[in-house]
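**Q** Quick one: structure below, then a few questions.
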Amino acid sequence: MQAKQFVTLTFSLAANGRPEVYDFLWTYLPKALQQTGCKKLRLEINRLEPLNRIYTRLNLPHERIQEIFNRFCQSHHLRRRASLDAYQDKTSLAAELDAKNLAPLFKDYNVLFDLFFADIVVKADNGLFVDMADGFSNMVVVEGTQPKLRQFEGLLQKLCKAPVRFSYSEGEKASMEPGNHLTPLMHLYTRHELNKMHLFERRLVNVVAEKATVLRKERAKTPRKGRFDFFVETFDGKRMGVEVLTRPSEGKLKEKLAYAVDVDEFVFVLPDGSLNTHRRPTQKVFHKQDRSTPLSPVFNNPKLRVWLFDVKTHQFTVKDKLNKVFNTGKTPH
Numbered sequence: 006m007q008a009k010q011f012v013t014l015t016f017s018l019a020a021n022g023r024p025e026v027y028d029f030l031w032t033y034l035p036k037a038l039q040q041t042g043c044k045k046l047r048l049e050i051n052r053l054e055p056l057n058r059i060y061t062r063l064n065l066p067h068e069r070i071q072e073i074f075n076r077f078c079q080s081h082h083l084r085r086r087a088s089l090d091a092y093q094d095k096t097s098l099a100a101e102l103d104a105k106n107l108a109p110l111f112k113d114y115n116v117l118f119d120l121f122f123a124d125i126v127v128k129a130d131n132g133l134f135v136d137m138a139d140g141f142s143n144m145v146v147v148e149g150t151q152p153k154l155r156q157f158e159g160l161l162q163k164l165c166k167a168p169v170r171f172s173y174s175e176g177e178k179a180s181m182e183p184g185n186h187l188t189p190l191m192h193l194y195t196r197h198e199l200n201k202m203h204l205f206e207r208r209l210v211n212v213v214a215e216k217a218t219v220l221r222k223e224r225a226k227t228p229r230k231g232r233f234d235f236f237v238e239t240f241d242g243k244r245m246g247v248e249v250l251t252r253p254s255e256g257k258l259k260e261k262l263a264y265a266v267d268v269d270e271f272v273f274v275l276p277d278g279s280l281n282t283h284r285r286p287t288q289k290v291f292h293k294q295d296r297s298t299p300l301s302p303v304f305n306n307p308k309l310r311v312w313l314f315d316v317k318t319h320q321f322t323v324k325d326k327l328n329k330v331f332n333t334g335k336t337p338h
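Put into structure tokens, the structure is as follows:
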């Protein structure tokens, strides 16, 4: 079985000034998928903003927009579901469909509800995984075996009218160990998530710096520099450090705790399924039935948070305080 890689596609602006990533979605992608042997696919449209007159192309009351959305779902055989954030209120969609039906669905959705406010995921039966992970930056992520990615690249170079840049996660002779593949992927999606917070003003993010170094001012004679994978400042003056760990352990998390004193919130981004022996039950159980092993009490710090990333679906599944997700020997409040 061939190992998988991923490539980021960065598009240019089309001749009319529109980001060509949208032409990719409803024109180039359906053609390229079919020419690479795709017949069936799974589509996920994860809504980022509510369905209302502000974030759709429909200047109508909320009830009327919901009626149109229901009819759209029925006509395209789409299933509604809730996303990680409760305010999305089952406006995310999923469906299994023929590759030839992808373009009309995208066009209809964009005319009514605006694709800019959605994350798009396509899982093709030929092994390609396509994710509009950063449409704000005119960027798409594609995962697959190297021969399939090269074939996909060749087709897109012919279809795209403006230049498109292909950035592979690894070179031809690079090591294919899981950690090497996962690190750039998780960094990419973490940056994307922070950019969404900035663009949609979820946390009023002002600055997102990657690989930022922050000077710690303590009583020690020699100040220590703390290095974060991502450093965020909000408009209300709060600071957030983000650390991405692809192979986490309690010891590795402890090593990073020293940097938490520099920020108001410290986020660990971990693969979903890691540290499972310390994971709290997802359903309420009696205290004696909880078989999870407690982490050190130092992780009870209220400023510590954790984001869990599903490496198969390329989605964040959990965002919460660390002591609510993992057993730290103390019941969270």
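Position one of the sequence shown corresponds to residue 6 (our numbering), numbered consecutively onward.
A virtual CB, placed ideally from N, CA and C, is assigned to each residue, including glycine.
In the DSSP assignment, find the beta strand (DSSP E) that holds P276 and state where it starts and stops.
**A** Translated into the one-based positions of the sequence shown, residue 276 becomes position 271. From DSSP, the beta strand (DSSP E) with P276 extends over E270 to P276.
**Q** Could you check whether V303 and W312 sit closer than 8 Å to each other, using their CB atoms as the reference points?
**A** Here residue 312 is taken as the residue at index 307 of the sequence shown, counted from 1. Here residue 303 is taken as the residue at index 298 of the sequence shown, counted from 1. No. Outside cutoff.
**Q** Measuring CB to CB, does R86 end up less than 8 Å from A99?
**A** Position 81 of the sequence shown, counting from 1, holds the residue named residue 86. Position 94 of the sequence shown, counting from 1, holds the residue named residue 99. Yes, these two residues count as a Cβ contact at 8 Å.
**Q** Measuring from the CB of D119, is there a heavy atom of the ligand SAH at a distance below 7 Å?
**A** Ligands displayed in this structure: none; no statement on the ligand SAH is therefore possible.
**Q** Contact between the segment 146-155 and the segment 53-69 is defined here as three or more beta-carbon pairs at a separation below 8 Å; is this criterion met?
**A** With a cut-off of 8 Å, the segment 53-69 and the segment 146-155 do not count as touching, because too few Cβ pairs lie within range.
**Q** Do V237 and L14 have their beta-carbon atoms positioned less than 8 Å apart in this structure?
**A** For this step, residue 14 is matched to residue 9 along the sequence shown. For this step, residue 237 is matched to residue 232 along the sequence shown. Contact flag unset, no.
**Q** Enumerate, from N- to C-terminal direction, the unbroken alpha helix (DSSP H) stretches of 4 or more residues contained entirely within the segment 58-122.
**A** As far as the segment 58-122 is concerned, its whole alpha helix (DSSP H) runs of at least 4 residues are 67-80 and 107-118.
**Q** What is the rounded straight-line gap between the Cα of W31 and the Cα of E72?
**A** Counting from 1 along the sequence shown, the entry for residue 31 is found at position 26. Counting from 1 along the sequence shown, the entry for residue 72 is found at position 67. Approximately 24 Å, taken between the alpha carbons.
**Q** Where do the N-terminal and C-terminal ends of the beta strand (DSSP E) with Q10 fall, by residue?
**A** Indexing the sequence shown from 1 puts residue 10 at position 5. Its beta strand (DSSP E) spans residues K9 to T15.
**Q** Name the DSSP beta bridge partners of N51, please?
**A** The residue given as residue 51 occupies position 46 in the sequence shown. Paired residue(s): D124.
**Q** So, is T96 buried or exposed, given that buried needs 16 or more other C-beta atoms within 10 angstroms?
**A** Looking up residue 96 in the sequence shown gives position 91. Per the 10 Å Cβ criterion, buried.
**Q** Could you please give me the residues that DSSP links to S172 through a beta bridge?
**A** Against the sequence shown, residue 172 aligns to sequence position 167. According to DSSP, S172 bridges with T13.
**Q** What did DSSP end up calling P152 once you bin it into helix, strand or coil?
**A** As a first step, residue 152 is located in the sequence shown; it is residue number 147 there, counting from the start. Helix at P152.
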